[in-house]
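Peer 1: Supplied in structure tokens, the structure appears directly below.
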Amino acid sequence: MKIMCIGDISGRPGRETVAKLLPQMKANEGIDFVIANCENAAGGYGITRQILDELSGYGIDFFTSGDHVWKISDFLNDLQDLRLPLVRPYNYEQEEQIPGKGYEVIDMGSEKLVIINMLGQVFMHEFVRNPFWSIDTLLEKLKEDGVKETDAIVIDFHAEATAEKISFAYYLAERVSAVVGTHTHVPTADARIIGRAAFVSDLGMVGPLDASLWAGFDEVIHNFKYPFKKAKQMQTQGRRVFNSVVIEIIKGKAVSINRLDRTISA
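Residues in the sequence shown are numbered consecutively from 1, following the UniProt record's numbering.
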């Protein structure tokens, strides 16, 4: 199974870049399944059902998210629909009372694909359960529900600190197929196989390259200089970047992970 994992899709520039690049990239690489982080796809913060449907039409099969999945209040109602091809972070306190689902088990025919979303703790300012304890509990539950060692388990670890991401991957090296980091929007060059698992600290992003994450520099630099802040504005000019990795998994074990990045003009 060849799985493409795409970094945080950011606003309209990110969506337009996915539309332009993804169909041909899937065909060229022989991709079987595409997972993308969508938590910033609506104007840089949040997601809507309409945008989710738009991105699905470009060839994305499933979506992960993070702490910004709650930014658009109307989307909370959509999260109640458990058929939605999206997971929100699993490891919140009182997880069963939070809208949506934190993982999904997908039947791929001869095997299952499990997609899990987790939040880190360091610098995240989120009231979450410890991800190390939480994933232990979840993996035991999945085993009881029939998920086997030969099934693929992919985790989007939405976290800030590189040390936490690497430690999480080493902790799970013999129990999952992949741990891919998101949240910082900056792609890392540390893709590797650890035990049975593929790992990269951060996938990166899809959207404006000549920007501060996705925002124009005028407002961001002003906010670094002055105590009176300006609202961030989406950067629509300049180059655009598409950051992803392609992971090959055989019987639950990752055998390769390679970065697949592209830069185009607006």
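Don't be surprised by glycine CBs; every beta carbon is placed ideally from N, CA and C.
#1: Taking only runs of the beta strand (DSSP E) that begin and end inside the stretch 202-252, which ones reach a length of at least 3 residues, in chain order?
#2: Have a look at Gly-102 and Glu-126 and give me their C-alpha separation to the nearest angstrom.
#3: Given a cut-off of 8 Å on the beta-carbon distance, is the pair Asn-40 and Val-87 in contact?
#4: At 3 residues or longer, what runs of the beta strand (DSSP E) sit wholly inside the stretch 92-131?
#5: Tell me whether Met-25 sits in a helix, a strand or coil according to DSSP, three-state version.
#6: For a test of the three-state rule: what should DSSP assign to Ala-87, helix, strand or coil?
#7: Does the stretch 239-259 come close enough to the stretch 216-230 that 3 or more CB-CB pairs lie under 8 Å?
#8: Do the CB positions of Met-1 and Ile-249 come within less than 8 Å of each other?
#9: With DSSP run on the structure shown, which of helix, strand or coil describes Ile-135?
#10: Mapping DSSP to helix, strand and coil, what is Val-179?
#11: Can you give the Cα-Cα distance for Met-205 and His-158, rounded to whole angstroms?
#12: Hey, Asp-151 and Glu-111: beta-carbon distance below 8 Å or not?
#13: Which value, in whole angstroms, describes the spacing of the CA atoms of Tyr-170 and Leu-260?
#14: Quick check: what's the CA-CA separation for Lys-143 versus Val-220?
#15: Who are the near neighbours of Ile-98 in its chain, counting only those whose CB is closer than 8 Å to its CB and skipping five residues on each side?
#16: Going by C-alpha distance, which of His-183, Val-186, Ser-177 and Trp-70 is nearest Arg-192?
#17: Which of helix, strand or coil does DSSP assign to Ala-169?
#18: Mind checking Phe-224: buried by the 16 CB within 10 Å criterion, or exposed?
#19: Could you tell me the alpha carbon to alpha carbon distance between His-183 and Glu-149, rounded to whole angstroms?
#20: Identify the residues that DSSP records as bridge partners of His-158: which are they?
#21: Smallest Cα separation from Gly-120: which of Leu-55, Leu-209 and Ser-201?
#22: Can you tell me the Cα-Cα spacing of Val-69 and Leu-82, whole angstroms?
#23: Just the C-alpha distance for Ala-19 and Ile-51, rounded to the nearest angstrom, thanks.
Peer 2: Quick answer:
#1: As for any beta strand (DSSP E) of minimum length 3 sitting wholly inside the stretch 202-252, the runs are 205-208, 239-242 and 244-250, ordered along the chain.
#2: Counting from 1 along the sequence shown, the entry for residue 102 is found at position 102. Counting from 1 along the sequence shown, the entry for residue 126 is found at position 126. Whole-angstrom Cα-Cα distance: 15 Å.
#3: Position 40 of the sequence shown, counted from the start, is the residue given in the question as residue 40. Position 87 of the sequence shown, counted from the start, is the residue given in the question as residue 87. Judged by their CB atoms, Asn-40 and Val-87 are not nearer to each other than the 8 Å cut-off.
#4: Segments of the beta strand (DSSP E) lying fully in the stretch 92-131: 103-107 and 112-119.
#5: Counted from its first residue, the sequence shown places residue 25 at position 25. Reduced to three states, the DSSP call for Met-25 is helix.
#6: As a position in the sequence shown, residue 87 is number 87, starting the count at 1. This sequence places Val at residue 87; Ala is not what is there. The DSSP-derived three-state label of Val-87 is coil.
#7: Contact fails: fewer than three Cβ-Cβ distances are below 8 Å.
#8: In the sequence shown, the residue the question calls residue 1 occupies position 1. In the sequence shown, the residue the question calls residue 249 occupies position 249. At a Cβ-Cβ threshold of 8 Å, Met-1 and Ile-249 count as neighbours.
#9: Within the sequence shown, residue 135 is the residue found at index 135, counting from 1. In this structure, Ile-135 counts as helix in the three-state DSSP scheme.
#10: Walking along the sequence shown from the start, residue 179 turns up at place 179. It is a strand residue.
#11: Reading the sequence shown from its first residue, position 205 is the one you call residue 205. Reading the sequence shown from its first residue, position 158 is the one you call residue 158. Looking at the two C-alpha atoms, the distance is approximately 13 Å.
#12: Residue numbering aside, residue 151 sits at position 151 when the sequence shown is read from its first letter. Residue numbering aside, residue 111 sits at position 111 when the sequence shown is read from its first letter. In contact: Asp-151 and Glu-111 (Cβ atoms closer than 8 Å).
#13: Residue mapping note: residue 170 aligns to position 170 of the sequence shown, counting from 1. Residue mapping note: residue 260 aligns to position 260 of the sequence shown, counting from 1. Near 23 Å, if we compare the C-alpha coordinates of Leu-260 and Tyr-170.
#14: Position 143 of the sequence shown, counted from the start, is the residue given in the question as residue 143. Position 220 of the sequence shown, counted from the start, is the residue given in the question as residue 220. Lys-143 and Val-220 have their C-alpha atoms roughly 46 Å apart.
#15: Stepping through the sequence shown from its first residue, residue 98 is reached at position 98. Here the set comprises Arg-88 and Tyr-92.
#16: Translated into the one-based positions of the sequence shown, residue 192 becomes position 192. The alpha carbon of Arg-192 has as its nearest neighbour, out of His-183, Val-186, Ser-177 and Trp-70, the alpha carbon of Ser-177.
#17: Here residue 169 is taken as the residue at index 169 of the sequence shown, counted from 1. DSSP places Ala-169 in helix when its eight states are reduced to three.
#18: For the purposes of this step, residue 224 is taken as the residue at position 224 of the sequence shown. Burial call: exposed.
#19: Counted from its first residue, the sequence shown places residue 183 at position 183. Counted from its first residue, the sequence shown places residue 149 at position 149. For the pair His-183 and Glu-149, the Cα-to-Cα distance works out to about 28 Å.
#20: Here residue 158 refers to the residue found at position 158 of the sequence shown. In DSSP, His-158 forms a bridge with Leu-119 and Thr-182.
#21: Here residue 120 corresponds to residue number 120 of the sequence shown, with the count starting at 1. Among Leu-55, Leu-209 and Ser-201, the Cα nearest to that of Gly-120 is on Ser-201.
#22: As a first step, residue 69 is located in the sequence shown; it is residue number 69 there, counting from the start. As a first step, residue 82 is located in the sequence shown; it is residue number 82 there, counting from the start. Each residue's alpha carbon lies about 15 Å from the other.
#23: Here residue 19 refers to the residue found at position 19 when the sequence shown is read from its first residue. Here residue 51 refers to the residue found at position 51 when the sequence shown is read from its first residue. Those two C-alpha atoms are separated by around 12 Å.
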